[in-house]
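J.:
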Amino acid sequence: MNLIKNILLLVGILLLITFGVAAQQLDSLEVHQVNGKPYYIHIVEKSESLYAISKKYNVPIDIIKRENPSTLDGLSIGEKLFLPAKKEAEIENTFNGNVIKHEVLPQQTLYAISKIYNVKIKEIMAVNPDLTENLSEGQLINIPVKQIRSEQKEKEKIALIWKEHVVKKGETVYGISKLYKVSIDSLSLVNKGFSQGLKEGEKIFIPIKQNKTNHALNRKDTLISSELLSVLEQAFDTSKSSKSVYKIGLMLPFYVRDNQQFIENRSALERAKIYPKSTFAVEFYNGFLFALNSISTENRKFELYVYDTNGQDSIRVASILEKPELKLLDLIVGPLYQSNFEVTAKFANANQIPIVSPVRQVNKVLLGNQMVHKVIPSQTGMIDQLATLLVDSFKTQNLVALVHNASPEKSLIEPLVKAYKERILLSDDTLMYAAIKVLKIDRNFSELASKFSATKNNVIFVPSINQSYITDLFNYLVTNLSKKDYKDYQVTLIGLEEWLNFENIELTSFEMLHVYLPVNNFVNEKDSVTTTVIQTYIAENETYPSKTTLLGYDIATYFGTALLNYGTIKHPAIYSSYKRTGTSTQFNFHKTGVESGYENKSCYILNFRNFELVRVY
18 MNLIKNILLL
28 VGILLLITFG
38 VAAQQLDSLE
48 VHQVNGKPYY
58 IHIVEKSESL
68 YAISKKYNVP
78 IDIIKRENPS
88 TLDGLSIGEK
98 LFLPAKKEAE
108 IENTFNGNVI
118 KHEVLPQQTL
128 YAISKIYNVK
138 IKEIMAVNPD
148 LTENLSEGQL
158 INIPVKQIRS
168 EQKEKEKIAL
178 IWKEHVVKKG
188 ETVYGISKLY
198 KVSIDSLSLV
208 NKGFSQGLKE
218 GEKIFIPIKQ
228 NKTNHALNRK
238 DTLISSELLS
248 VLEQAFDTSK
258 SSKSVYKIGL
268 MLPFYVRDNQ
278 QFIENRSALE
288 RAKIYPKSTF
298 AVEFYNGFLF
308 ALNSISTENR
318 KFELYVYDTN
328 GQDSIRVASI
338 LEKPELKLLD
348 LIVGPLYQSN
358 FEVTAKFANA
368 NQIPIVSPVR
378 QVNKVLLGNQ
388 MVHKVIPSQT
398 GMIDQLATLL
408 VDSFKTQNLV
418 ALVHNASPEK
428 SLIEPLVKAY
438 KERILLSDDT
448 LMYAAIKVLK
458 IDRNFSELAS
468 KFSATKNNVI
478 FVPSINQSYI
488 TDLFNYLVTN
498 LSKKDYKDYQ
508 VTLIGLEEWL
518 NFENIELTSF
528 EMLHVYLPVN
538 NFVNEKDSVT
548 TTVIQTYIAE
558 NETYPSKTTL
568 LGYDIATYFG
578 TALLNYGTIK
588 HPAIYSSYKR
598 TGTSTQFNFH
608 KTGVESGYEN
618 KSCYILNFRN
628 FELVRVY
């Protein structure tokens with residue numbers, strides 16, 4: 018089902034969606050004979066997708082579409098689907114035991130197919146000697162499965178390593194995770210998400226760590242005593258606070274009326290497009306919806322209330338906040354614009370409802386409001402990661418911080434120098450370390466070059482997003498490092514995320530200057546978990562998820578899983594131990610003041626290596 022197409026039909030002033038597996042009374046796993054072949058017969062119900070049906074009957078989506086051509090246009094409630102029984106499906110999908118047959122869908126490319134099966138295009142070409150990149154609808158091609166099967170066997174082998182724990186009276190998932198020093202995510206994964214909750218006397222599985230590594234505690238780490246942990250457990254007993262349905266409000270600028278006008282006036286070539294200003298909302302919603310559907314269980318579901326804020330329309334937001342169901346929400350996400358977010362955050366605080374901002378906001382939205390959660394870190398929030406990078410990799414090198422007076426970001430230098438010194442003092446390493454030299458230089462970069470060392474790496478922190486200034490700096494360094502006098506010099510630049518948008522700077526320059534950048538979001542497609550999420554999304558939605566889609570997925574997964582595990586976003590464990598790395602976003606919330614909200618302090622540090630961005634932290 019194409020969610021981007023259907024969103025305009027679904028979203029109005031309020032959309033209520035219930036997730037979870039509903040009781041299926043019309044369909045049956047009974048095998049029926051149709052034209053001499055065995056089939057399951059399934060009746061499509063509300064909110065069902067081809068992916069969910071495929072999983073239920075263990076029949077590939079390609080075969081469902083081949084047997085039911087009407088599904089190419091989407092699913093209809095009450096529609097009858099004929100699904101080949103498992104034996105039939107397996108026979109028709111196997112070829113020589115080493116490949117499976119894939120039937121090409123309309124406008125499907127080799128790239129899309131390679132992503133679905135996690136194989137390389139050249140591997141597909143190798144088992145299809147006559148294949149070209151011009152695919153035809155209905156064409157059957159071979160997909161090599163040897164690698165897929167070996168990966169599955171390895172995963173199965175790893176998955177079997179656990180031990181059992183008998184649940185005692187009053188125990189919670191949080192307490193058990195602390196007892197065995199495993200993450201709540203790991204516990205949930207091997208226990209089907211604790212769909213029935215915890216019951217006294219029940220046996221649950223505890224994953225056993227394979228590679229034990231001793232990590233020295235940072236002296237600033239907060240240690241939770243057993244007495245304090247006991248108090249927290251009693252104050253937030255999830256057996257009392259958990260419930261079967263959690264209500265989430267999503268307040269985003271869908272621009273429903275503008276989209277309707279856009280659809281009416283768009284040309285045939287634009288039929289797949291939507292009103293441009295609504296792109297973020299639609300893509301974020303798609304990822305959010307996909308995540309909630311993934312983590313829901315038969316006994317614990319989510320109700321998603323979707324509201325169109327119509328951009329910065331303050332009157333619309335005020336009318337939304339008057340709706341009676343708003344006070345019953347367990348979580349609010351949005352709005353995006355600061356003025357509307359502040360008004361909604363005030364409402365959330367008055368009603369003790371946690372609220373999340375999925376976009377960059379000024380830190381003042383956190384002041385005096387313990388309900389606010391800011392997902393995108395401020396620029397000062399990345400200082401800790403940069404200080405860690407300097408101490409771990411460059412503390413004996415020639416360290417320079419460059420001040421550009423016209424750049425407001427110069428204010429980041431002082432907290433970085435302070436954080437760097439603090440980490441050096443906490444380090445047990447007795448090596449001599451370099452102090453950070455602060456240089457005030459406008460465009461007289463020869464003065465910078467005069468401070469270079471021929472025997473050390475010259476590591477330069479440049480907190481500026483002034484494109485003209487940064488471009489001039491790059492041009493000067495690249496030009497001079499190509500000259501004979503500087504050919505043996507090494508320079509490493511540390512900049513800001515906005516540099517990635519400077520299209521006038523060549524990739525070769527980023528590579529030559531070994532640039533490091535702190536970023537809020539990074540999709541590592543080499544990560545197996547991220548790859549699985551992306552492949553599953555493609556299989557269900559027939560489109561590749563954007564960065565915004567993955568942001569929506571990560572936020573819904575993080576906060577949705579917290580609700581399922583703790584029964585509330587306000588559980589103290591979420592801030593003391595519930596850290597998570599999603600498909601594109603890391604979460605590590607810290608309280609910004611006694612009566613203030615929470616800011617995500619986690620970001621990625623990327624480095625240009627071999628013309629690729631590689632995650633360092």
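Note that my numbering has the sequence shown beginning at 18, numbered continuously upward.
Think of the CB as a built atom: it goes at the ideal place given N, C-alpha and C, for glycine as much as any other residue.
Does the contact criterion of 3 or more C-beta pairs under 8 Å hold for the stretch 329-339 versus the stretch 567-583?
T.: no
J.: Please return the same chain residues whose Cβ sits closer than 6 Å to the Cβ of residue 633, not counting the five positions on each side in sequence.
T.: Here the set comprises 622 and 624.
J.: Whose CA, out of 568, 608 and 541, lies closest to the CA of residue 629?
T.: 541
J.: Alpha helix (DSSP H) containing residue 140: first to last residue?
T.: Element bounds for residue 140: 138-143.
J.: Can you round the beta-carbon distance between residue 181 and residue 222 to whole angstroms, since I take them to be within the 8 Å contact cut?
T.: 6 Å
J.: Determine the closest residue to residue 414 out of 453, 82, 345 and 282, with distance taken between C-alpha atoms.
T.: 453
J.: Quick one, which of 183, 610 and 529 has its alpha-carbon nearest residue 507's?
T.: 529
J.: Give the secondary structure of residue 2 by DSSP, where H, G and I count as helix, E and B as strand, and everything else as coil.
T.: Nothing about residue 2 can be read from this structure; the chain reaches only from 18 to 634.
J.: Using three-state DSSP, classify residue 387 as helix, strand or coil.
T.: Residue 387 falls in the coil class under three-state DSSP.
J.: Using the beta-carbon count (16 or more within 10 Å), is residue 192 buried or exposed?
T.: buried
J.: Residue 265 and residue 279 look like a contact to me (Cβ under 8 Å); what is the Cβ gap, rounded to whole Å?
T.: That pair is no contact at about 28 Å.
J.: Please tell me whether residue 548 and residue 533 are closer than 8 Å, where the distance is taken between their beta carbons.
T.: no
J.: Using C-beta distances below 6 Å, list every residue in its chain close to residue 511, excluding the 5 sequence neighbours before and after it, in chain order.
T.: 478 and 533
J.: Output yes if chain C places a C-beta closer than 8 Å to the C-beta of residue 320; else output no.
T.: Going by chain labels, chain C is absent from the structure shown, which holds only one protein chain.
J.: Bridge partners for residue 161 per DSSP, in chain order?
T.: 116
J.: Using 10 angstroms around the beta-carbon of residue 475, count the other beta-carbons present and answer buried if the total reaches 16, otherwise exposed.
T.: By the neighbour-count rule (16 or more Cβ atoms within 10 Å), residue 475 is buried.
J.: What alpha helix (DSSP H) runs, 4 residues minimum, are completely inside the stretch 559-610?
T.: 564-583 and 590-593
J.: Given residue 116, which residues of its chain have a CB within under 8 Å of its CB, disregarding the five upstream and five downstream residues?
T.: Excluding positions up to five away in sequence, the list reads 144, 159, 160, 161 and 162.
J.: Which value, in whole angstroms, describes the spacing of the CA atoms of residue 464 and residue 456?
T.: 9 Å
J.: Have a look at residue 300 and residue 483 and give me their C-alpha separation to the nearest angstrom.
T.: 30 Å
J.: Could you give the distance in angstroms between the alpha-carbon of residue 184 and the alpha-carbon of residue 217?
T.: Cα to Cα, the separation comes out at about 5 Å.
J.: For the beta strand (DSSP E) containing residue 507, list its first residue and its last residue.
T.: 507-511
J.: Tell me, please, whether the stretch 338-351 touches the stretch 365-377 by the rule of three or more beta-carbon pairs shorter than 8 Å.
T.: yes
J.: Can you tell me whether residue 486 is helix, strand or coil according to DSSP?
T.: helix
J.: What number of angstroms, rounded off, separates the C-alpha of residue 315 from the C-alpha of residue 64?
T.: 14 Å
J.: Give the DSSP-derived three-state secondary structure of residue 335 in the structure shown.
T.: Helix.
J.: Please determine, among 599, 618, 597 and 601, the residue with the shortest C-alpha to C-alpha distance to residue 607.
T.: 618
J.: Looking at residue 397: is its Cβ nearer than 8 Å to the Cβ of residue 346?
T.: no
J.: Give me the residue from 411, 443, 487 and 472 with the minimum Cα distance to residue 421.
T.: 487
J.: Can you tell me which of the three DSSP states residue 101 falls into?
T.: strand
J.: Quick one: using the 10 Å Cβ neighbour count with 16 as the cut-off for buried, is residue 308 buried or exposed?
T.: Residue 308 is buried by the Cβ-count criterion.
J.: Name the two residues that bound the continuous beta strand (DSSP E) containing residue 276.
T.: Here residue 276 belongs to no beta strand (DSSP E); instead the alpha helix (DSSP H) covers 273-282.
J.: How would you label residue 147, buried or exposed, when you count the other beta carbons within 10 angstroms and need 16 or more for buried?
T.: A residue is called buried when at least 16 other Cβ atoms come within 10 angstroms of its Cβ; residue 147 does not meet this threshold and is exposed.
J.: Three Cβ pairs or more, each shorter than 8 Å: is that satisfied between the stretch 353-372 and the stretch 595-606?
T.: Here the stretch 353-372 makes no contact with the stretch 595-606; the two share fewer than three CB pairs at distances below 8 Å.
J.: For residue 386, which of 359, 392, 400 and 405 has the nearest alpha-carbon?
T.: 359
J.: Taking the alpha-carbon of residue 268 as reference, which of 297, 311 and 282 has the nearest alpha-carbon?
T.: If we check each option's Cα against that of residue 268, 297 comes out closest.
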